[in-house]
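Counting in my numbering, the sequence shown runs from 484 upward without gaps.
Where is the CB? At the ideal position from N, CA and C, for every residue including glycine.
This one's a predicted model, so the numbers in the text were calculated from it and none came from an experiment.
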Amino acid sequence: MSVETRTNKHIRATWDRFNGSGQMSTVTIDEVKNFAEQRGLVIESVEEVEFGSNPRIKAIQLKTDLGTALYPRKKLNEIEIYNHNIEPNQNYANFWKSVDWFSPPYITNGAISDAINNAGINAREHSHWNKRGLQSRFEPHLSSIYTLGNIIPITVQTLTESEAISKHLPIIKESILAFYSGMKVVAVAALIPIIEDILGSIIGEDSSGLDIMTKVNKSIDLACDGVTKLHINHSDWIPPEYIENSVLKVMNTKIFTLETIRYWLLNSFYEKTDNYDKHSGFNRHFFAHAKSDIWQNEHNFFRAMGLIQALAFIECFAVAESKVSIFPPEPDERAESFRLEVFACMNTQLFKKRILNQLQIDNNLPFNPTASDDGWLLRASKLSEKMNLEIIPNLRDKGWQCHSFTDPVKEGEYITVKASKGDREIKISLLYTCATGNDIYKELVKSCDFILYQGAYYHQESYAFGVMASVLPLNAWITPD
Numbered sequence: 484m485s486v487e488t489r490t491n492k493h494i495r496a497t498w499d500r501f502n503g504s505g506q507m508s509t510v511t512i513d514e515v516k517n518f519a520e521q522r523g524l525v526i527e528s529v530e531e532v533e534f535g536s537n538p539r540i541k542a543i544q545l546k547t548d549l550g551t552a553l554y555p556r557k558k559l560n561e562i563e564i565y566n567h568n569i570e571p572n573q574n575y576a577n578f579w580k581s582v583d584w585f586s587p588p589y590i591t592n593g594a595i596s597d598a599i600n601n602a603g604i605n606a607r608e609h610s611h612w613n614k615r616g617l618q619s620r621f622e623p624h625l626s627s628i629y630t631l632g633n634i635i636p637i638t639v640q641t642l643t644e645s646e647a648i649s650k651h652l653p654i655i656k657e658s659i660l661a662f663y664s665g666m667k668v669v670a671v672a673a674l675i676p677i678i679e680d681i682l683g684s685i686i687g688e689d690s691s692g693l694d695i696m697t698k699v700n701k702s703i704d705l706a707c708d709g710v711t712k713l714h715i716n717h718s719d720w721i722p723p724e725y726i727e728n729s730v731l732k733v734m735n736t737k738i739f740t741l742e743t744i745r746y747w748l749l750n751s752f753y754e755k756t757d758n759y760d761k762h763s764g765f766n767r768h769f770f771a772h773a774k775s776d777i778w779q780n781e782h783n784f785f786r787a788m789g790l791i792q793a794l795a796f797i798e799c800f801a802v803a804e805s806k807v808s809i810f811p812p813e814p815d816e817r818a819e820s821f822r823l824e825v826f827a828c829m830n831t832q833l834f835k836k837r838i839l840n841q842l843q844i845d846n847n848l849p850f851n852p853t854a855s856d857d858g859w860l861l862r863a864s865k866l867s868e869k870m871n872l873e874i875i876p877n878l879r880d881k882g883w884q885c886h887s888f889t890d891p892v893k894e895g896e897y898i899t900v901k902a903s904k905g906d907r908e909i910k911i912s913l914l915y916t917c918a919t920g921n922d923i924y925k926e927l928v929k930s931c932d933f934i935l936y937q938g939a940y941y942h943q944e945s946y947a948f949g950v951m952a953s954v955l956p957l958n959a960w961i962t963p964d
């Protein structure tokens, strides 16, 4: 606090006089004023006020020519809501540690609760779960926390006001467009390197030469100081026990959020590779030193966006006169314009996949896998579509009863079905392409009467060498009577 030492002594003496005698809950403002004046303080005003967040605490505010003091009416052990919340608060903090994330700013409590519930997790009973199991269960639901309805307006409206982040907006927006164009890992890779610069910008000129852990702690310490000033109505002095970190984490949700962000940055994102054991792989060192590709996880895009939003939240309180709001904005024309751009990328990506898929089938060309997409889901859906819309209807029309349906098999990329008619039974397999390994053909011939494939005839004698079953293109197959 900013009060001079000699003033602090007199202000503390006033507090000790009434708190030590157990009179703070009943003392009048006139009694406080008279005692302070006797100590030589020049009093500007004395009034009853409230401070804090959860709960609001009654206090006497003493304003002097050298500073303002708050004298809480109740001792900490007398504040029922605070004492009741200590254990649940710690449990909730431990929950975020367990799922390897932090309490998300800019997200409503309802949206957070829905995501946790949809993941099938009871946050209060998280300790009964294996941590990696919790992390893998929670991770897919990050996308329901950081939705486009959240990402777009905060990116183009809130982050624009950030001194530390706005300079990175071009790459952030391009990463969003890349992600929704299918280049998911590239999008994550583009966002990770800017985090350290943002932390340094929040600290300011003093950041040069600081190691990353110090940058994390210093930026969040600055933010916590900013929140604390708001918490105590910008007063200069309050009994120190009321602003201890452990107390503020319970009484102020902003401090709680900041401390969960601090813990995650120090113990997950910047954790040393030898000690890192989290499910997501979202770790700066694994990315920077290319020791592993575990960070190449599409869910980490939502982690990256959430982390950037968290840094904006830190800046809001750490940087004097910051223009960043702590509230999610109402979408404006900038958000609508960017939303249309994102949806255009999504739609174009869908059309591109379908057209490219058909061209590859027609020309017996291989799919070129990327870090984001091995193409299997689309190929599997194509196999299912051909089976359901062509093979099965043709069999049914010839009086065959189809059964023993299978899902598409990734190893070999095929799908099978059996059909019965009277005392006869046949089994048909459909390959994604003629250009399938000979070992797959030889495995299928053990149980299949017909081995069909999509697309045109393409060196079939080479791929299906030694296979005695009927092998031919799907569009050349005549369903048996």
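The Cβ neighbour count for P588, taken over all protein chains shown within 10 Å, is at least 16; the residue is labelled buried. Residue state for Q506 is assigned as coil, using DSSP reduced to three classes.
For T711, the uninterrupted alpha helix (DSSP H) run begins and ends at I695 to H714, by DSSP. In the structure shown, the three-state DSSP call for Y924 is helix. Look at the beta carbons and you see the stretch 862-879 touching the stretch 955-962: at least three pairs across the two are nearer than 8 Å. Counted as a single uninterrupted DSSP element, the alpha helix (DSSP H) harbouring F770 occupies residues R767 to A771. For the pair E646 and S684, the Cα-to-Cα distance works out to about 8 Å. Of Y897, D890 and Y941, the smallest CA-CA separation from N847 is found for Y941.
Cβ-Cβ distances below 6 Å link S626 to F785 in the same chain, with the five nearest sequence neighbours on each side left out; the list follows chain order. The shortest C-alpha to C-alpha distance from E622 to any of K656, F585 and I655 is the one to F585. With at least 16 other beta carbons inside 10 angstroms of its own, P636 counts as buried. Under the three-state reduction of DSSP output, C799 falls in the helix class. By the neighbour-count criterion, in which a residue is buried when 16 or more other Cβ atoms sit within 10 angstroms of its Cβ, A947 is buried.
Under the three-state reduction of DSSP, A598 is assigned to helix. In the three-state scheme derived from DSSP, where H, G and I count as helix and E and B as strand, L524 is classed as coil. The shortest C-alpha to C-alpha distance from I540 to any of E527, T551, S528 and K558 is the one to K558. Secondary structure note for T831: it is in no beta strand (DSSP E), and the uninterrupted alpha helix (DSSP H) holding it is E816 to D845. Secondary structure of V529 (DSSP, three-state): strand. Rounded to the nearest whole angstrom, the C-alpha separation of I961 and L935 is 11 Å.
In the three-state DSSP reduction, P587 falls in the coil class, being neither helix nor strand.
Distance from the CA atom of E781 to the CA atom of W612, rounded to whole angstroms, is 24 Å. Around the Cβ of P723, a 10 Å sphere holds fewer than 16 other Cβ atoms; the residue is exposed.
If you draw a 10 Å sphere on the C-beta of M696, you find fewer than 16 other C-beta atoms in it, and that means exposed. An exposed status is given to M951, since fewer than 16 other beta-carbon atoms sit within 10 Å of its beta-carbon. Sequence-distant Cβ neighbours of W859 in its own chain, meaning closer than 7 Å and more than five residues away, are K893.
Inter-segment contact for the stretch 765-775 and the stretch 566-576 is absent: fewer than three beta-carbon pairs are separated by less than 8 Å. By the Cβ neighbour-count rule, S508 is exposed, with fewer than 16 other Cβ atoms within 10 Å of its own. Secondary-structure assignment with DSSP links Y897 through a beta bridge to V892 and L914.
With contact defined as three or more Cβ pairs closer than 8 Å, the stretch 753-764 and the stretch 645-660 are not in contact.
Within the same chain, K925 come within 7 Å of G949 by CB-CB distance, once the 5 residues on both sides are set aside. Between the stretch 702-721 and the stretch 730-744, the count of Cβ pairs shorter than 8 Å is three or higher; the stretches touch.
Separation of H609 and V582 (C-alpha to C-alpha, rounded to the nearest whole angstrom) is 9 Å. Under DSSP, R907 takes part in a beta bridge, and its partners are K904. Taking 4 residues as the minimum length, the alpha helix (DSSP H) runs contained wholly in the stretch 602-635 are 614-621 and 625-628, in order along the chain. The Cβ neighbour count for G505, taken over all protein chains shown within 10 Å, is under 16; the residue is labelled exposed. Proximity of the stretch 811-830 to the stretch 714-734 falls short of the contact definition, fewer than three beta-carbon pairs being nearer than 8 Å.
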